[in-house]
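Presented below is the structure to which this report refers.
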Amino acid sequence: MRTSLNVVLAVCATALSTSGAFAADLITVPTSASVAEIPIHQDTGFDWSGFYAGLYAGVQNSPAGGMQYGAGVMAGVNAQFDFYLLGTEVAVEGISGGNTNTSYGQLLARAGLVISDNVLVYAAGGYGIDLGVPEESDALLGGGVEVAVTDNVSMRAQYLHGFPIDGGNPKDQFTVGAAFHF
Numbered sequence: 539m540r541t542s543l544n545v546v547l548a549v550c551a552t553a554l555s556t557s558g559a560f561a562a563d564l565i566t567v568p569t570s571a572s573v574a575e576i577p578i579h580q581d582t583g584f585d586w587s588g589f590y591a592g593l594y595a596g597v598q599n600s601p602a603g604g605m606q607y608g609a610g611v612m613a614g615v616n617a618q619f620d621f622y623l624l625g626t627e628v629a630v631e632g633i634s635g636g637n638t639n640t641s642y643g644q645l646l647a648r649a650g651l652v653i654s655d656n657v658l659v660y661a662a663g664g665y666g667i668d669l670g671v672p673e674e675s676d677a678l679l680g681g682g683v684e685v686a687v688t689d690n691v692s693m694r695a696q697y698l699h700g701f702p703i704d705g706g707n708p709k710d711q712f713t714v715g716a717a718f719h720f
């Protein structure tokens with residue numbers, strides 16, 4: 539009799555456990571969209587494309603002028619293609635120190651790589667001209683790094699070397715600045 543009771547309990551336990559699995563299979567939750575259609579938010583990072591304007595300050599060193607300090611304004615436009623960037627910029631800077639006070643204008647082309655959501659590394663090249671007397675012009679070559687700190691503001695550090703074209707002497711320029719992106 540004891541064996542019969544054990545067999546009956548085993549059969550009941552098996553029947554109860556399998557019937558629960560079948561009941562759970564019948565419960566479904568209807569949805570209006572498939573998994574492929576559910577949107578997933580992806581942060582696209584900083585958009586470097588568009589116009590920008592800003593301020594900068596820096597130092598310039600040359601054999602004839604010595605160490606000079608300056609501040610200026612810049613404006614430009616960028617176009618970002620995936621993680622590549624192309625841009626152009628114009629800047630005007632007032633320079634003082636050493637043995638002269640003058641102003642200096644620059645026209646630069648920029649090409650860079652967006653290495654993370656908010657960091658840009660770029661090379662720059664262009665033309666620079668001393669707007670005072672004596673007239674000097676330079677071919678500029680250098681580069682920099684720019685970091686987006688908010689949705690519209692970036693900070694940057696840039697180095698340019700000036701190769702003399704007319705008059706003047708070689709220049710090394712290091713600047714730091716901030717730009718507002720429109």
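For the sequence shown, the working numbering begins at 539 and goes up steadily by one.
Glycine residues also receive a C-beta, built at the ideal position from the N, C-alpha and C atoms.
| Item | Value |
| --- | --- |
| Helix, strand or coil at D585 according to DSSP, with G and I counted as helix | coil |
| Local conformation of P702 per DSSP, three classes | strand |
| Any beta strand (DSSP E) of 3 or more consecutive residues that is wholly inside the region 590-671 | 604-619, 622-635, 638-654, 657-668 |
| Reference S641; option with closest CA among A613, I633, H699 | I633 |
| Three-state class that DSSP yields for D676 in the structure shown | strand |
| Rounded separation between A677 and Y607 - CA only | 20 Å |
| Local Cβ density within 10 Å of S654, reported as buried at 16 or more and exposed below that | exposed |
| Residue(s) in a DSSP beta bridge with F712 | V597, Y697 |
| Identity of the residue in T638, G682, G635, G663 nearest V657 by Cα | G682 |
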